[in-house]
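Single-structure report; data block below.
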Amino acid sequence: MALATVEGRIYVNEAGRHVAEDVWVFGWLYHRRDKGKLQFLLVRDGTGIIQCVVSKADVDEATWQQAAELTQESSVKVYGTVRQDPRAPGGYELLLKRLEVVQIAKDYPITPKEHGVDFLMDHRHLWLRSSRQHAILRVRHEIIRAIRDFFDERGFVLLDAPIFTPAACEGTTTLFETDYFGQKVYLTQSGQLYMEAGAMAFGKVYCFGPAFRAERSKTRRHLIEFWMVEPEVAYFDLDDDMRLAEELIEYLVQRVLERKRQELEVLERDLAPLEKIRAPFPRISYDEAARILEEAGTGFRFGDDFGGTDETVLSERFDRPVIVHRYPAAVKAFYMKNDPEQPDRALCMDILAPEGYGEIVGGGQREDDLEILERKIEAHNLPRKAFEWYLDLRRYGTVPHAGFGLGIERTVAWICGLSHVRETIPFPRMLYRLEP
RNA sequence: UCCGGCGUAGCUCAAUUGGCAGAGCGGGUGGCUGUUAACCACUAGGUUGGAGGUUCGAGUCCUCCCGCCGGAGCCA
500 MALATVEGRI
510 YVNEAGRHVA
520 EDVWVFGWLY
530 HRRDKGKLQF
540 LLVRDGTGII
550 QCVVSKADVD
560 EATWQQAAEL
570 TQESSVKVYG
580 TVRQDPRAPG
590 GYELLLKRLE
600 VVQIAKDYPI
610 TPKEHGVDFL
620 MDHRHLWLRS
630 SRQHAILRVR
640 HEIIRAIRDF
650 FDERGFVLLD
660 APIFTPAACE
670 GTTTLFETDY
680 FGQKVYLTQS
690 GQLYMEAGAM
700 AFGKVYCFGP
710 AFRAERSKTR
720 RHLIEFWMVE
730 PEVAYFDLDD
740 DMRLAEELIE
750 YLVQRVLERK
760 RQELEVLERD
770 LAPLEKIRAP
780 FPRISYDEAA
790 RILEEAGTGF
800 RFGDDFGGTD
810 ETVLSERFDR
820 PVIVHRYPAA
830 VKAFYMKNDP
840 EQPDRALCMD
850 ILAPEGYGEI
860 VGGGQREDDL
870 EILERKIEAH
880 NLPRKAFEWY
890 LDLRRYGTVP
900 HAGFGLGIER
910 TVAWICGLSH
920 VRETIPFPRM
930 LYRLEP
């Protein structure tokens, strides 16, 4: 279905269906080369890049001159005959007949040569036009679409959680505080507590939205604002939860392999490790993980949560994501249910992505007993009043339930094989970087 | 916040022990009928992040400040 509203206008990715036809392409000049009485204009329109051949013999002098004056990222409308030609990048080219210049762009800052991270981040609004960023963000789009498909196919209801919250979901991390008509409120760091309410109402729910963490983290795996999908299911235990999470991850990887090969190629992603991502994933307990780390000598001490290097060491032992379960309850959030067989352990799990990409999933079974939960809220020094509604969920028809959160940017970084999450979101928010 | 590194043309970088600030890309001008980050010739372009100091002389050494990058902690 063509969206073009002008007679004869096509998008670049439709060129193959219009061979030998005269068409318009509206876009921007990506690059220009000339060779005597020939000019090659690479025109991008968002769906792809097509080479336009301008032959001095075929166009009038004014058109030839206009084409010669085009600069990088000038906006243009080109009209010509679509041809199949093996010499053209992408296989198709446009033999130019007419040219309309919308605007000549002066001194576009991003050239086809190499640039530093700082410069590119300062020009993120323009950097989005380059083909590598296109590939990454198209993979992101596909992953988001696949997430929705996965849950929708399984009968989950999308239930959006609020962004403004009166209290912390997890007391441990720092929150962004703001003013809500004179009342202190915070930007959400997770929609989970609301999803628990949703699960008691709809059985199977998920939310998909941004999360904000005011942590002064400066690593390749951190953003201040990131996106997360959080399913929550009633009558689910930890094992059910692990199965759902690994099924989702397998689904996402396979979907990208199936539909975004070209993008992965642009990114020079090694596909072999991705092909191996099939459920079930290995499961190890915190104790087993701790033994591995103590042998490896990472400096890890039993009882701690894992650090970045610990996660890398663990994930490198497996060719698939690895599920680590039953952490010490002391290092985990108040809402986690304790393991009845080992009361000092929480019924929780983290999934570590392969190739050192770190934790992409965190979740587990929630505490469903009113009295235990009340004691935990107290023990964690949380404001009881803000959690009354949450405690209601345990007063009125409480059931075992579980869920998890999957971080979009880390998942995209892993699947694309990137060295930093900053390129996986259109406009990253990082420590000391708020613009553009 | 802590530890480490870096800051030279619009961009990416070079500059010997402290001794004439340079190259490629991009821009400009000219040439070439199949280029693939084309190529060739010519050309313009600098308060070496900022302030102070040492020295006959500082891009280079010292002090402070600013910015960025990487890592740690914390986390998805």
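Just so we're aligned: 526 in the numbering used here is position 27 of the first sequence, and the numbers increase by one with no gaps anywhere. Backbone N, C-alpha and C define an ideal beta-carbon position, used for all residues, glycine too. Note that this is a predicted model, so its numbers are computed, not measured.
C-alpha gap between residue i and residue j, whole angstroms
i    : j    : result
D849 : L540 : 50 Å
V898 : G702 : 11 Å
D739 : W913 : 24 Å
E858 : P608 : 36 Å
A878 : R893 : 18 Å
F618 : Y895 : 55 Å
P839 : F805 : 23 Å
A788 : G802 : 11 Å
E613 : Y529 : 16 Å
D606 : W626 : 15 Å
R768 : I635 : 11 Å
H721 : D868 : 34 Å
R865 : V911 : 27 Å
Q841 : P882 : 28 Å
V577 : D557 : 14 Å
M694 : R644 : 20 Å
E922 : A778 : 28 Å
K831 : R825 : 10 Å
Start and end residues, beta strand (DSSP E) containing residue i
i    : result
K534 : D521 to K534
E592 : Y591 to Q602
V943 : In the structure as shown, the chain begins at 500 and stops at 935. Residue 943 is therefore absent and cannot be evaluated.
D891 : No beta strand (DSSP E) contains D891, which is instead part of the alpha helix (DSSP H) from E887 to R894.
E676 : E676 to Y679
For residue i, the three-state DSSP class (helix, strand or coil)
i    : result
H879 : coil
S573 : coil
K717 : coil
S554 : strand
P925 : coil
D740 : helix
D818 : coil
D617 : helix
T910 : helix
P585 : coil
I549 : strand
P772 : helix
D606 : coil
L766 : coil
D648 : helix
Counted within 10 angstroms of its Cβ, other Cβ atoms place residue i as buried (16 or more) or exposed
i    : result
V542 : buried
S689 : buried
W563 : buried
V524 : buried
N837 : buried
R639 : buried
Y834 : buried
For residue i, the first and last residue of its enclosing alpha helix (DSSP H)
i    : result
T808 : G807 to S814
A561 : E560 to A567
L930 : Neither: L930 is in no alpha helix (DSSP H) and is coded neither H nor E.
E513 : Where E513 is concerned, there is no enclosing alpha helix (DSSP H), given that its DSSP letter is neither H nor E.
R625 : Note that residue 625 corresponds to Leu in the displayed sequence, not to Arg. First-last of the alpha helix (DSSP H) with L625: R623 to W626.
Paired residues, beta bridge with residue i - DSSP
i    : result
H824 : S784 and M848
V704 : V656 and E731
T664 : Y685
Q864 : A901
M835 : R865
P709 : W726
G580 : Per the sequence shown, residue 580 should be read as Thr rather than Gly. D521 and L594.
E858 : L851
Q753 : Answer is none; Q753 lacks a bridge partner.
Q632 : In DSSP, Q632 forms no bridge with anything.
Q841 : D838
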